[in-house]
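Colleague: Numbering (the UniProt record's numbering), first residue to last: 1 to 380.
C-beta: ideal position from N, C-alpha, C; glycine also.
Keep in mind it's a predicted model, so treat the numbers as computed, not measured.
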Amino acid sequence: MNRLFSSLPTTVFETMSALARETGAVNLGQGFPDDPGPEDVRRAAADAVLNGYNQYPSMLGIPELREGIAAHYAHHHSVTLDPAREVMVTSGATEALAGALFALIEPGDEVVLFQPMYDAYLPLVLRAGGVPKFVTLEPPHWRFTEEALSAAFSDKTRVAIINNPLNPSASVFAREDLALLARFAERSNAVVVSDEVWEHVVFDGARHVSVLNIPGLRDRAVKIGSAGKIFSLTGWKVGFVCAAPDILAALARSHQFLTFTTPPNLQVAVAYGLTKDDRYFREMRDDLQAKRDYLSRGLAEAGFTVLPSAGTYFLNVDIAPLDETDDVAFAQKLVHQAGVVTIPVSAFYAQDHVRTVLRFCFAKRRETLDGALEKLAAFL
Ligand code: PMP
Ligand code: GLN
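#1: Suppose you measure from the CA of Asp40 to the CA of Ala48; what does that come to, to the nearest Å?
#2: Where do the N-terminal and C-terminal ends of the beta strand (DSSP E) with Leu181 fall, by residue?
#3: Do Val222 and Leu251 have their C-beta atoms within less than 8 Å of each other?
#4: Would the beta-carbon of Leu376 fall within 8 Å of that of Val345?
#5: Check whether the Cβ atoms of Met117 and Phe348 sit closer than 8 Å, and answer yes or no.
#6: Let me make sure I understand the geometry here. Which of Ala372, Val79, Arg183 and Thr275 has the alpha-carbon closest to that of Val335?
#7: Rounded to the nearest angstrom, what separates Pro83 and Glu67 at their Cα positions?
#8: Please return the same chain residues whose Cβ sits closer than 8 Å to the Cβ of Pro245, not counting the five positions on each side in sequence.
#9: In this structure, does DSSP put Gly92 in helix, strand or coil?
#10: For the region 146 to 163 against the region 103 to 110, do three or more pairs of beta-carbon atoms, one drawn from each stretch, fall closer than 8 Å, so that the two count as touching?
#11: Can you round the beta-carbon distance between Ala363 and Gly37 to whole angstroms, since I take them to be within the 8 Å contact cut?
#12: Is the beta carbon of Ala290 closer than 8 Å to that of Ala206?
#13: Give a single yes or no on whether Phe13 has its beta carbon closer than 7 Å to a heavy atom of the ligand GLN.
#14: Are the beta-carbon atoms of Gln61 and Thr234 separated by less than 8 Å?
#15: Assuming Gly92 contacts Ser226 under a Cβ cut-off of 8 Å, what Cβ separation, rounded to an integer in Å, is found between them?
#16: Can you name, in chain order, every residue of its own chain whose Cβ lies under 7 Å from the Cβ of Tyr272, other than the five neighbours on each side?
#17: If you draw a straight line from the alpha carbon of Met16 to that of Ala71, how long is it in whole angstroms?
#18: According to DSSP, is Gln115 helix, strand or coil?
#19: Let me check one thing: in DSSP terms, what residues is Ala243 bridge-paired to?
#20: With DSSP collapsed to three states, give me the class of Asp318.
#21: Is Phe260 helix, strand or coil by DSSP?
#22: Is Thr94 buried or exposed, if buried means 16 or more other CB atoms sit within 10 Å of its CB?
#23: If you compare alpha carbons, which of Gly130, Arg187, Ser150 and Leu212 is closest to Ser78?
#24: If you drop the 5 nearest sequence neighbours on each side, which residues of the same chain put their C-beta closer than 8 Å to that of Asp119?
#25: Does the distance from the C-beta atom of Leu380 to that of Gly298 stay below 8 Å?
#26: Quick one, which of Asp318, Leu137, Ile247 and Ile230 has its alpha-carbon nearest Leu288's?
#27: By how many angstroms is the C-alpha of Ala46 removed from the C-alpha of Leu181?
#28: Per the DSSP calculation, Arg359 is bridged to which residue(s)?
#29: What are the start and end residues of the beta strand (DSSP E) that includes Arg143?
#30: Determine the DSSP secondary structure at Phe134, reduced to helix, strand or coil.
#31: I'd like to check one pair, Ala320 with Thr356: are the Cβ atoms closer than 8 Å?
#32: Assuming Thr368 is part of the alpha helix (DSSP H), what are its boundary residues?
#33: Quick one: is the Cβ of Ala93 within less than 7 Å of any heavy atom of the ligand PMP?
#34: So what's Arg158 in DSSP terms, helix, strand or just coil?
#35: Which of the three DSSP states, helix, strand or coil, is assigned to Asn54?
In structure tokens:
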């Protein structure tokens, strides 16, 4: 019995949030907002519960949500999707990732991963029997080169997982980067699984580019989204996958044995939320950008070297200028001596660790950010 799941690590988010609970430190680690989220969307969910949307909905998702997703992406990303054959609702982006890997790879197939990578990718690839091949990205640009892709791709590559905007580096890949990736995916006949959960959280006037808009990837990519991020309701766990009909059909087969479906009341509320006008999405971005700037200024004033953040709820600091060489040890010091929880970015690398970068979540109320900044300034 004690061998059960022994190969799976404890996620850094659980470790660091547990430390915040135990010590009462301000939690700027795990990425979740501390305000309640849009009231009308929450009310739509409550109404749906009371009005009887509580039995198993159809396996691929309720039709109004699948149609809503297609309409939303047509409007925001100029992607044309057939809601009946190219869109499926999942229980969060995490289920979409697991389902995509279980559907697309067989044991022994190679999977290209870009590290730093969101913490779920590697355990899922390994559990699915995949052989990871890493492309390593480093601060401050977090870009990949053609040589790095040449070394990672082979004729055994079945899948490449890309995350754009990228958590934890808070960087955004350019259209040219995605076009380069497309060339390698085509050459290996691989599918690109694109985790785009941060698609609405890009700053400084930039626009998100979906893989479905890259020539050569429209029919060999899986685009993953998450209502948790779109509506700042991270616990909702309503995700979406969009892909060409043959790929979507494969994903639907694994979805039926993972969760089968997703709470119908939340699907109704998300379908309602997706009809919000451009102003909602602009205001959300502007609010998060103001929070990014506030925390970034405060951290710089406290003495940290702040790296650029082009998207996500996160910004990073480089602790090398403070003569620190171990992000995990420094994050522990910040919890116990300053009273602030962060995430050490080395947790997102499988090898060749970048060891001096710490991630902060800025999607917090002003009081929360002020509380953390005061403690950090006193500590440094
Ligand atoms: N992918 C990335 C890159 C994320 O940052 C997150 C959560 N923040 C997820 C997936 C998980 O999304 P969900 O909660 O919808 O499963
Ligand atoms: N995605 C969130 C983050 O990056 C955490 C999600 C989780 O706790 N698994 O902080």
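Modeller: Concretely, from the data shown:
#1: Rounded to whole angstroms, the separation of the alpha carbons of Ala48 and Asp40 is 12 Å.
#2: Counting along the chain, Leu181 falls outside any beta strand (DSSP E), though it belongs to the alpha helix (DSSP H) covering Arg175 to Ser188.
#3: Yes, they are a contact pair.
#4: No, Cβ-Cβ distance for Leu376 and Val345 is not below 8 Å.
#5: Yes. Within cutoff.
#6: It is Ala372.
#7: Approximately 5 Å, taken between the alpha carbons.
#8: So the qualifying residues of the chain are Asp82, Arg85 and Glu86.
#9: Helix, per DSSP.
#10: With the cut-off at 8 Å, the region 146 to 163 and the region 103 to 110 touch.
#11: With a beta-carbon spacing of about 11 Å, Ala363 and Gly37 fall beyond the 8 Å limit used to define contacts.
#12: No, they are not a contact pair.
#13: In this structure, the C-beta of Phe13 approaches the ligand GLN to less than 7 Å from one of its heavy atoms.
#14: Looking at the sequence itself, residue 61 is Gly, so the reference to Gln does not match. Contact flag unset, no.
#15: Contact between Gly92 and Ser226 holds, with the beta-carbon distance rounding to 6 Å and staying under 8 Å.
#16: By the criterion of a C-beta distance shorter than 7 Å, Tyr272 is surrounded in its chain by Val41 and Ala44, once the five residues flanking it on both sides are discounted.
#17: Going by the C-alpha atoms only, they are around 38 Å apart.
#18: Correct three-state label for Gln115: strand.
#19: According to DSSP, Ala243 bridges with Val222.
#20: Note: Asp318 maps to strand in three-state DSSP.
#21: Assignment of Phe260 by DSSP, reduced to helix, strand and coil, places it in the coil class.
#22: The residue is buried, with at least 16 neighbouring Cβ atoms inside 10 Å.
#23: Checking every option, the nearest Cα to that of Ser78 belongs to Leu212.
#24: Around Asp119: Thr11, Val12, Phe13, Ala347 and Phe348.
#25: Contact flag unset, no.
#26: It is Ile230 whose Cα lies nearest to the Cα of Leu288.
#27: Looking at the two C-alpha atoms, the distance is approximately 43 Å.
#28: The partner list for Arg359 (beta bridge, DSSP) reads Asn316 and Ile343.
#29: Taken as a continuous stretch (DSSP letters only), Arg143 belongs to no beta strand (DSSP E), as it is neither H nor E.
#30: Residue state for Phe134 is assigned as strand, using DSSP reduced to three classes.
#31: Cβ distance < 8 Å, so Thr356 and Ala320 count as in contact.
#32: Thr368 -> alpha helix (DSSP H) spans Arg366 to Phe379.
#33: Remark: the shortest separation between the CB of Ala93 and any heavy atom of the ligand PMP falls under 7 Å.
#34: Correct three-state label for Arg158: strand.
#35: The answer is coil: DSSP assigns Asn54 none of H, G, I, E or B.
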